[in-house]
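Here's the structure we're looking at; comments come further down.
There are 2 protein chains.
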Amino acid sequence: MEQIHDSGKNCLSILSTKEYNELYSNSNSLNFEAGELIVKKGSPVNNIYFLKSGIVELSLDQAPKNQILSLLFNGEFIGINCVFSTAQYRFSARALTKCSIELLDKETFAKLLKENGTFSMAFIQYISWVNEGFLNWQMKLKEKNSAGALAFLICEFQKNFDSNSFEIPLTRQEIARIIGFSKESVLKNLADFRKEGLIDSNGKSITIIDASRLEEIAKYG
Amino acid sequence: MEQIHDSGKNCLSILSTKEYNELYSNSNSLNFEAGELIVKKGSPVNNIYFLKSGIVELSLDQAPKNQILSLLFNGEFIGINCVFSTAQYRFSARALTKCSIELLDKETFAKLLKENGTFSMAFIQYISWVNEGFLNWQMKLKEKNSAGALAFLICEFQKNFDSNSFEIPLTRQEIARIIGFSKESVLKNLADFRKEGLIDSNGKSITIIDASRLEEIAKYG
DNA sequence: ATCGGAGGGTGTAATTTTACACCTTTGACA
DNA sequence: TGTCAAAGGTGTAAAATTACACCCTCCGAT
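Chains as they are written, first to last, in the working numbering: chain W, 689 to 909; chain G, 689 to 909.
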């Protein structure tokens, strides 16, 4: 229990070559285009979706309107809480960018969990870590106003890129659905950030000019 | 994987008598009074807290001010996500009522998880179920206005009692911290519910008069 | 090439929620 | 029994957010 497994990839690396091959011999690769529905709410859980590359949004409804629960990046399992707790997915998953996904067999995965105690401990660490992260993300967003939440999201995206200039592959509406405010609030706050010289933005591309002040706002001050 | 383990108690019942005795021989019973701090944010995870009876609140800060993450009822583990994902608790737990808690040894618990594949599968099902429930709870609250959120909380409490008359062991301030609105909003909505004949309330005791209309509001319509 | 829809953008009004000010009630305890 | 703090309660003003109305631009399909 010394090692903390902080990504799905990390967790799969526990498996022996034999176990790994067994898991992957029962799996399929799938590719999705931006905007495509990956998992529809209510569909039965027959496989485990492992996100090899791309960004996925989870939302409570399959319509691309509702509140976005969370964003998943590469190395994560999609909707892992539903796999072992309910017979069906309780939300929908949609590709935000091109995505490459490995469809693992649920029964093989479960068999390996039962047989390999080290793997199951790593998996327990992983889902604990994922859920702890989700909880923290939600709570941080909840205590902020619209400007703080937007700044927070921009800072979080920045962490996934090395540069201060990057593209956020989301429409203003999608950003709004993530942070839980209206599209107009997002637009107005973006305009304010631009006017105050915190960022420069042009469509989906964004450049952070004053990172420390942006982080101040993200922390809510 | 047929059986779904939807409470910590249920999950512990998987253990053989021998394993159960091993776990409990390394454990202690603790009792807490209403208001007492059970787990302080930042403290190291040395034990697993199993809530035998009572109601516990989880919050991001030890001060009894901040947003309440969730309420735990009997049969649940306290802060189970932190046990296997971080070395320390990321939030505080406080007794809302008198609580009886079993302090299980973390290493023994981990050993049993590694050795007993059926137990670890049940535990995985349990934490998935807990987190799925938390996520749903948070999302349902998020999409509601203050009246809807309050009605929702009242309806949720009602489910834990068999009668339409019961006591909510929370101050108005605590209710506010759970649903994420101000104390005044809670008071005003309660007054409205009373005026409209949906409920009767006197201090902490509450009687639901028009359950269907209250549920309507809870669903936000 | 042009039509139409989706997305970006902004101002103003309406709505919701909070903040503040202040009062009453309750219950522990000296 | 008196006191004091915490909790319940309410009205009004201020602040934040949303809703609506409307405009422009870009881009894909006919």
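Ideal Cβ placement from N, Cα and C applies to all residues, glycine included.
Beta-carbon spacing of residue i, residue j below 8 Å
i: ILE702 of chain W; j: ALA839 of chain W; result: no
i: ARG860 of chain G; j: LYS871 of chain G; result: yes
i: ASN848 of chain W; j: PHE772 of chain W; result: no
i: ILE726 of chain W; j: ARG782 of chain W; result: yes
i: ILE887 of chain G; j: VAL818 of chain G; result: no
i: GLN691 of chain G; j: GLN826 of chain W; result: no
i: LYS794 of chain G; j: ASN735 of chain G; result: yes
i: ILE815 of chain W; j: ILE894 of chain W; result: no
i: SER758 of chain W; j: PHE822 of chain W; result: yes
i: LYS830 of chain W; j: SER780 of chain W; result: no
Counted within 10 angstroms of its Cβ, other Cβ atoms place residue i as buried (16 or more) or exposed
i: GLN846 of chain G; result: buried
i: ALA813 of chain G; result: The identity of residue 813 of chain G in the sequence shown is Gln, whereas the question assumes Ala. Looking at its Cβ environment, which holds 16 or more other Cβ atoms inside 10 Å, GLN813 of chain G is buried.
i: GLY696 of chain G; result: buried
i: ASN833 of chain W; result: exposed
i: ALA879 of chain G; result: exposed
i: ALA775 of chain G; result: exposed
i: LEU803 of chain G; result: Checking the sequence shown, residue 803 of chain G turns out to be Glu, not Leu. By the 10 Å Cβ count, GLU803 of chain G comes out exposed.
i: ALA837 of chain W; result: buried
i: GLU745 of chain G; result: buried
i: SER704 of chain G; result: exposed
i: GLU916 of chain W; result: Missing from the structure shown is residue 916 of chain W; chain W here goes from 689 to 909 and no further.
i: SER900 of chain G; result: exposed
i: GLY742 of chain G; result: buried
Interface flag, residue i vs chain G, CB-CB below 8 Å
i: ARG865 of chain W; result: no
i: ARG782 of chain W; result: no
i: ILE743 of chain W; result: no
i: THR796 of chain W; result: no
i: PHE869 of chain W; result: no
i: ILE896 of chain W; result: no
i: ARG778 of chain W; result: yes
i: THR774 of chain W; result: yes
i: ILE812 of chain W; result: yes
i: ASN877 of chain W; result: no
i: LYS883 of chain W; result: no
i: LYS802 of chain W; result: yes
i: GLU790 of chain W; result: no
i: ASN698 of chain W; result: no
i: SER873 of chain W; result: no
Contacting residues, own chain, Cβ-Cβ under 6 Å from residue i (five flanking each side not counted)
i: ASN716 of chain W; result: LEU791
i: ILE863 of chain G; result: VAL874
i: ALA835 of chain G; result: ASN877, ILE905
i: ASN714 of chain G; result: ASP793, THR796
i: GLU724 of chain G; result: ALA783
i: HIS693 of chain W; result: CYS699, ALA810, GLN813, TYR814
Chain W contact for residue i (CB, 8 Å cutoff)
i: LYS740 of chain G; result: no
i: ASN769 of chain G; result: yes
i: TRP825 of chain G; result: no
i: GLY805 of chain G; result: yes
i: ILE887 of chain G; result: no
i: GLU691 of chain G; result: Checking the displayed sequence, the identity of residue 691 of chain G turns out to be Gln instead of Glu. So no, GLN691 of chain G is outside the interface.
i: SER893 of chain G; result: no
i: LYS830 of chain G; result: yes
i: ILE815 of chain G; result: yes
i: LEU757 of chain G; result: yes
i: PHE761 of chain G; result: no
Close beta carbons around residue i, own chain, < 7 Å, minus the five adjacent residues each side
i: GLU755 of chain G; result: It is Gln, not Glu, that sits at residue 755 of chain G in the sequence shown. Result list for GLN755 of chain G: SER747, LEU748, ARG865, GLY868, in chain order.
i: PHE738 of chain W; result: GLY696, PHE765, ILE789, GLU790, LEU792
i: GLU721 of chain W; result: ALA783, LYS786
i: PRO732 of chain G; result: ALA775, GLN776
Close-in-space but distant-in-sequence residues of the same chain around residue i (CB under 8 Å, 5 per side omitted)
i: LEU801 of chain W; result: PHE807, SER808, PHE811
i: ASN719 of chain G; result: LYS786, CYS787, SER788, ILE789
i: SER889 of chain W; result: LEU878, PHE881, ARG882, THR895
i: GLY885 of chain W; result: ILE897, ASP898
i: LEU902 of chain G; result: ALA839, ILE842, CYS843, PHE881, LEU886, ILE887, ILE896
(request) Counting only runs of 3+ residues fully inside the stretch 728 to 772 of chain G, write out the beta strand (DSSP E) ranges in chain order. (result) Counting only runs of 3 or more, we get 735 to 741, 744 to 747, 756 to 760.
(message) Please give me, in chain order, every unbroken run of the beta strand (DSSP E) with length at least 3 that falls completely inside the stretch 847 to 895 of chain G.
(response) Secondary structure remark: continuous beta strand (DSSP E) runs of at least 3 residues inside the stretch 847 to 895 of chain G, in chain order: 853 to 855, 887 to 890.
(request) Ignoring anything shorter than 4 residues or poking outside the stretch 799 to 835 of chain G, list the alpha helix (DSSP H) runs there in chain order. (result) Listed in chain order, they are 805 to 830.
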